[in-house]
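Per our numbering, the very first residue in the sequence shown carries number 276; after that it's consecutive. Just so you know, even glycine gets a beta-carbon here, dropped at the ideal spot from N, CA and C.
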Amino acid sequence: MGTQGVDPSTSPLPPHPRNIPPPLRLDVGDAGRPCSPPAGSHHPSLTPTLTPAAFSLDQTIFNLQASDSPTNNSLVAIDNRIQQAMVAQCLGMMVSLECLRETPLISIKQQLFTEARKYPLYHLLQEESCYIFVGVTQEAEREEFYDETRRLCDLRLFHPILKVIEPLGNREEKILNREIGFAIGMPVCEFEMMKDPEIQDFRRSILSVCREAMEEREGGGAHSQALYVYPPNLESSPQLPQHIYSKLDKGRLIVTIWVIVSPSNSKQKYTLKLRLCVQEYQGQYILKVCGCDEYLLEKYPLSQYKYIRSCIIVGRLPHLMLVSKDSLYSQLPASGFVTPSYSRRTPQPSPCPGGGDGSPPRSLWAFNTLLRVRLLCATYVNVNIRDIDKVGFCSSWNEWLTYDIYLADLPRSARICLSICSVKGRKGAKEEHCPLAWGNVNLFDYKDILVSGKVALSLWPVPHGLEDLLNPIGVAGSNPNKETPCVELEFSWFNQTVVFPDEQQIEEHANWTISRELGYNYCPGLTSRLACDVSVSAADAEQLRCLCSKDPLYELSEQEKDFLWRHRHYCVNIPESLPKLLMSVKWNSRDEASQMYCLLKEWPLMEPESALELLDCNFPDPMVREFALRCLVKGLTDDKLSQYLLQLVQVLKYEMYLDNPLARFLIKKALTNQRIGHFFFWHLKSEMHNKTVSRRFGLLLEAFCRACGMYLKHLNRQTQMKFLVEHMSRPDYMEALQGFVSPLNPVHQLGNLRLEECRIMSSAKRPLWLNWENPDIMSELLFTNNEIIFKNGDDLRQDMLTLQIIKIMENIWQNQGLDLRYDRAIDLFTRSCAGYCVATFILGIGDRHNSNIMVKENGQLFHIDFGHFLDHKKKKFGYKRERVPFVLTQDFLIVISKGVQESTKTKEFERFQEMCYKAYLAIRQHASLFINLFSLLLGCGMPELQSFDDIAYLRKTLALGVGEHPLQYNYTFWFSRRTPTRPASSQSYEQNIRQIGIVASVEQFWKFYSHLVRPGDLSGHSDFHLFKEGIKPMWEDDFNRSGGKWIIRLRKGLASRFWENIILAMVGEQFMVGEEICGAVVSIRFQEDILSIWNKTSNDQTTTSRIRDTLRRVLNLPANTIMEYKTHNDSLRFRSGLETFTLEVILS
C-alpha cells in the first residue's frame, strides 16, 4: 500500500508485537493438500504453506524483498480448524489474518484495517474505500479485485496472499472491464494493446449503437425496460392455422388464471373463456406464465404467444398468474452505461499508405495499369525436409507478378489469396501439393483505400478438411501469432492515396455505359453484353422465371448468365431473381459492376428467407450485403431472427471489415431484446477459442457486455459453470451453482441443485446429468425440476443446427395443417414417427440406434445426438454400418398398425404413408431456405459441413430438378482443349479438362444442350465429353480402368449430327446394358473427327457386342463400316506412341 510523506527507500519502523504463531513446517499429503504435521515440537493445528516456487512468483508480482523469505515470520499459515488464513501486505509489511473461505473481501479489508491500527504509520493511511486488493490467480495472472462482495473462495488465488494498493483510473470502469474480460475469456486490455486503427475505430464507433439501444429500451420508462428484460415470446404471424383454430371453443380460449391472495402465498384460480386478445386489467396488472419468467406484456392476440399456442396444439389448459405491474417494475435490474475511457481519446490519424504524400486522394478509376504484386520473402516456414521435395509458391521470388486485370476493374471485395505448399513426388510422377499455411489480403481497407507498398502477412495454419490449396473464404489479414509463417508482399506504390470511387462516380459511369450500349459513342474493347429489355417475349419471360426458381446450388451456364444479364432490367420485376443475376455479373468489369450497383438502389426488397442467401460467401460485395440487411431489417420479426441467429452470427465471418451493417444490426437487436442477447452472447462465446475469429467476436462481445446491464452478472455465472461443476462436491461451489438463469433458456431459473439426482453418464465424454429445482412459486404447473446435461469437450453446433432445422420443419408442417407432433398415444407416435422419418431422411442423419431414438410417456417419438448428418455415416472396414436411409423398424410398424402383424396392409399404415408424402412435399417447397441455412454455416468448421459438396446431399434427398422428367442417371458435360504440338500426359490432360455443367432431367438436358456450341463449329484440338456424374473422362478413373471404348473416325462435317444421335441414345438408355455405359466423347481434329463411347468392362464380349450393334442402329451406319474396340489399358500403355490397333473408317 502506498504511503504519504515517507521515503519508500527507508525501512519501516518495527511493528508492535503481535500474537502470531511461529513459522512451522509444511506437510503436504496426497493431491497436494496440506495435512496435519507429525507429533513433536510442531504446533498441533497450524502448518505454513509457502513453497519456494510460490514465493518466487509472489516475489515477482508483489515486489517482495529478499528478506521476506520462507524462513521469515511473515509466512502464511493454514489453520485446519478455521479453514483459511490470509496474509495481507500493508505499509510494506505482511499482516497475517485468519478468516473463513466464504468471507467477502469487504470484511477482510475491515479486519485488515483493524489490525493495521497496531502499526506506527497507520495515521498515514487514507479511508478504506481508497484502496483495493490485488492478488495472483491460479492462472499466474495479476488481478485487481474491485468487487468487494466477492468471497475469498471465489478469487481462485494461487496463494492466499493479497496486496493492498491505491487503484489507478476509473474504479467503476475497471470493475466492468474485469467482468467483461471474465465473460468473453480474454482481458479487455488486450484490445487496448492492438495497434490496428480499424480495431480502435470500431471500438469507438460501435458505442453509438450501444447508446442508441440503451436510449430505446429506457425511453418508455419502466415498461420499455421490462420489454427488454422480458421480451414477448411470439409467433411471427398472429393468424392461427385452421387445424389449430378448430381446437378452440367456438373461437374462445379457455385459460386458468391464478391469483396470490395472502402473504403466505395462498393461491386462488379462475377458469375463464377469453377472446384471443389480452385485456388491460384496469391498467395495473399483467399476466405471467406459471412456472417461468415469461410475461404477456403487450396487447398481442393471446394465441400469438408461443406458450398459449403450444397449449392449444396439445389440448392443455394454459396456466397464467395475475401480477401487479408495480411489483414487476420494482424488481427490474438497474440499468446504466459506463462510458469507457477510450471513447474520449482523440483518434490517431492513420499514416498515409505506401507512397502517399498527404495530398487529396485519387479515384481508382483514374489508373489504367494492371494489378501487380511482388513476393519478397517468407520466414518461419517449418517443414520436415525428409517428407517433401520442395517448398514454395507457384511463382518466382522478388519478381513482379502481373495479373490480367486493370486496377480500374478491381471489384470492391477483391482480395489476394495465397498459400505456402510443400510438393511431394519424384521426377516424372504426379506431384502432390500440400498447403502448409494460407493467408488473404483485402485490396481495399475499411476506409476504401487501395493497399499499396510493403505488407507483412503472417499466415494461418491449414484448417482440418481443407482440400483446396487456397482458402478464399477465410479471414483476411495477419495472424496475431507472429511465430507462424510470414510472407512479405509488395504492391504498387502511389504518390497519392487511391480510393474506390464514390456513389456519384459509380452512377455517372453506369449512365455513360448504358448510353454507349444504346449506340452512343460506343468504344470497342469494353463489355458487349447489351441490355435487351425493351421487348421481352413470353418465352424469354418464362425462361427467366424458370431460371430464377432454381435452387441456390444450381450452377448457371455461361449462356444462362448472358441471358440473365441481357434481361437484367426486366429481372427487377422478379425480386427473387437477384441472387442468380448477381452470379451473372462480371465483377471484374467496372461497366457491369457499376450498373449492378445502380440496379440495387431500385431493386424491390426481398423476403428475408430469400435475402439470407445474399449473406453467404458467394456474395462478398459490401453493397450487396447491405441490401440483404435492408431486407432483413424490414421483414425479420424477433421470432424469425431468433430462428436464424445461428446462421447470422456465422456469416459475420464473411464480412470484409469489423464495422459492418450486419454487426450493428445484431448488436442493437441483442441490446433491445434480452432473449436474443442471451443466445447472441453464447453463439459468439462458443467460438472464442478459434483464433481466426476471436478478435472479431471478442470485440462484438465487449460492445454487447458494456451495454447489457446487470445481465452481465448472470452471463458470468453461466460462464463459471465449467469450473464450478468440476468442484461441485465442495459446499462453497455448491452455493455458486444455484440460483441463476439457465444457459439454455433465459426464462427458466435454476434453483437449488438436487445433488442426489445428479449423476455421471456412461457415454465417451462422461457428461454430467444435473438436476435443479424450479424456484418459481407455480413450478408444479410447468415443471418442478430442470434437468441439464453438461458436456465438456464436444462441439455441439452440429446438434444445434439439426435441431434448428427440425424445428423449422415442424413450423412448416404446422402452418400447412400437418400436425406431426401432437395428439394422443398411438396417433401421436404415428405422427411424430412420420415427421422424424422425413426429417432424418432429408438431412441424412446417421448413427441411429436404440440409444438415440426415444419415446415420451405420451407416445411422442423423438431423436437425440445428431453427430452425423448429410450422409456422413459411420463406417467399419470401409463399409457404411447403416444401410437404410431412415429408421422404420417392424416394431414401429406394429405400433402404428395397432398390433397387426401384417402392418403394411392396414389403413393405419396407408395413413402413415400419406403423412410422410405430405410432410416431404411441404419441406421440398422450401428447399432453397434449407440449402441457404446450411450454406451460411460453411465457415464454422463443422467436420461434416466443409463444402458445397456436402450440402449437395440435400439436393439429392429433396429431388431438386427431378420434378420434371428425371434421367436414369445424372450426366456431366466436360470440355477440353490442348495444343497438339505439346506431348500429352495424365497430369496435363487433367489440368485441361473442365466441367461445364450437370443435367439430371430431360428438360435440363435440352436447356443445356441448346446453348452449347455444336462440335462441327469447334476449331483446334477440342473435345466434348458427356459422362455419368461421378465418372471423369480419364482412362485412370476407377470406373474406366477396366473398361474400353468403341472408336469411329468421321470425315469432317459429320461430327455434330453423329454426336447428337449418340448422346440421345445414351441418356435415353437405348443401349440396354445396365450400368455398363460410362460416357461418350467427340474429338475434333484437323483432318478428321473421332467419336467414341466408353464402357466399364472390356472383357465382357456379350456387352461390347451389344454396344456395337446399338451404335450401328442409332447412327444408321453402313453395313461395311469397320469399328474398332480398344481397351483403356492399351491406351495407357501406348499413350505417346502411334496406336497400332486403330482402323481408320472414313464415312462418306
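DSSP places F408 in the uninterrupted beta strand (DSSP E) bounded by 407-411. With fewer than 16 other CB atoms across the displayed protein chains lying within 10 angstroms of its CB, Q1188 is exposed. Excluding its 5 nearest sequence neighbours in each direction, L482 has C-beta neighbours in its own chain below 6 angstroms: S618, listed in chain order.
Residues of the same chain with a CB within less than 8 angstroms of the CB of A938, apart from the 5 flanking positions on each side, are I481, L927, E930, L975 in chain order.
Counting C-beta atoms within 10 angstroms of its own C-beta, F466 has 16 or more neighbours from the protein chains shown and is therefore classed as buried. For A653, the enclosing beta strand (DSSP E) has its first and last residue at 645-654. If you draw a 10 Å sphere on the C-beta of N948, you find 16 or more other C-beta atoms in it, and that means buried.
In this structure A731 does not touch I695 by the C-beta definition: roughly 14 angstroms separates them, more than the 8 angstroms allowed.
Judged by pairs of C-beta atoms under 8 angstroms, the segment 905-924 does not touch the segment 445-458, as fewer than three such pairs exist. Within the DSSP secondary-structure output, S1276 pairs in a beta bridge with P1241. Taken in chain order, the complete alpha helix (DSSP H) segments of 4 residues or longer contained in the segment 1358-1410 are 1376-1389, 1403-1408. For C1112, the closest of N1090, M1084, N1133, Q1091 by C-alpha to C-alpha distance is M1084.
Of the residues assessed, Q401 falls on the exposed side of the cut-off, its CB having fewer than 16 other CB atoms within 10 angstroms. Judged by their CB atoms, A1100 and G1134 are nearer to each other than the 8 angstroms cut-off. Per DSSP, the unbroken beta strand (DSSP E) holding E707 starts and ends at 707-717.
Non-local beta-carbon contacts of V1389 in its own chain, meaning distances under 7 angstroms to residues more than five positions away in sequence, involve N1336, I1337, A1340, Q1345 in chain order. Shown here for F1333: same chain residues with a beta carbon closer than 7 angstroms to its own, the five before and five after excluded, namely L1325, L1366, L1390 in chain order. Exposure of N848 is indicated by the presence of fewer than 16 other C-beta atoms within 10 angstroms of its C-beta. Residue pairing by DSSP puts Q1024 in a beta bridge opposite V1016. In the three-state DSSP reduction, K1327 falls in the coil class, being neither helix nor strand. When the Cα atoms are used, K1040 and F1167 turn out to be separated by approximately 30 angstroms.
Counting only runs of 4+ residues, the alpha helix (DSSP H) found wholly inside the segment 869-904 occupies 883-886, in chain order. DSSP places M369 inside the beta strand (DSSP E), whose first and last residues are 368-373. Residue environment for W1310: buried (at least 16 other C-beta atoms within 10 angstroms of its C-beta). Around the CB of R392, fewer than 16 other CB atoms lie within 10 Å, so the residue is classed as exposed.
Just so you know, the alpha carbons of I1081 and K581 end up roughly 17 angstroms apart.
For G1068, the closest alpha carbon among the candidates T1115, P1050, S961 is that of S961.
Around the beta carbon of P608, fewer than 16 other beta carbons sit within 10 angstroms, so the residue counts as exposed. In the three-state DSSP reduction, S499 falls in the helix class (H, G or I).
For V1170, the CB contacts under 7 angstroms within the same chain, skipping 5 residues up- and downstream, are I1101, F1104 in chain order. Nearest to F769 by C-alpha distance, out of N1315, L853, S634, C374, is S634.
Comparing C-alpha distances from H784 to each of A641, C485, G910 shows the shortest one belongs to A641. Here DSSP, grouped into helix, strand and coil, assigns G728 to strand.
Relative to the Cα of H498, the nearest Cα in the group L907, H434, V536, E573 belongs to E573. One thing to note: I1359 has its Cβ no nearer than 8 angstroms to the Cβ of N1370. In this structure the segment 523-531 lies against the segment 584-604, because at least three pairs of beta carbons, one per stretch, are closer than 8 angstroms.
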